[in-house]
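End of the sequence shown = 110 in the working numbering, gap-free, step of one. See structure below.
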Amino acid sequence: PAPALPETPSSQPRPAPGPRSGPRSGLFWTLVSGVAYGVGLSVLIDTTAASGTWPIVGQRVAGCALMFAVVSVLRLPP
33 PAPALPETPS
43 SQPRPAPGPR
53 SGPRSGLFWT
63 LVSGVAYGVG
73 LSVLIDTTAA
83 SGTWPIVGQR
93 VAGCALMFAV
103 VSVLRLPP
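Here you go:
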């Protein structure tokens with residue numbers, strides 16, 4: 033018999049759309065990300081060059097932790 037080929041992502045069936053799909057969901061997450069970007073920028077704009085890259089590092093760590101919490105609570109797939 034011929035060896036089985038591994039399945040590619042395109043050969044797997046697509047899941048049915050859930051309650052969090054569609055244009056409304058995209059609009060919601062667009063607005064949330066825009067507000068978060070504005071808040072982050074307003075915090076970073078007051079930093080001086082003497083602070084180095086630490087404000088940016090802190091912002092990135094906080095953003096990743098927040099997104100991990102949101103994905104964990106909503107149980108969204110990667």
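Where a beta carbon is used, it is the ideal one built from N, C-alpha and C, also for glycine. Only a predicted model underlies this, so the values are computations on that prediction, with no experimental measurement involved.
Within a Cβ cutoff of 6 Å, which residues of the same chain sit near residue i, ignoring the five residues on either side of it in sequence?
i	result
Thr-79	Pro-87
Phe-72	Checking the displayed sequence, the identity of residue 72 turns out to be Gly instead of Phe. The residues are Gln-91.
Is the beta carbon of residue i less than 8 Å from the beta carbon of residue j?
i	j	result
Gln-91	Leu-76	yes
How is residue i classed by DSSP in three states: helix, strand or coil?
i	result
Pro-55	helix
Leu-98	helix
Ile-88	helix
Thr-79	coil
Leu-108	coil
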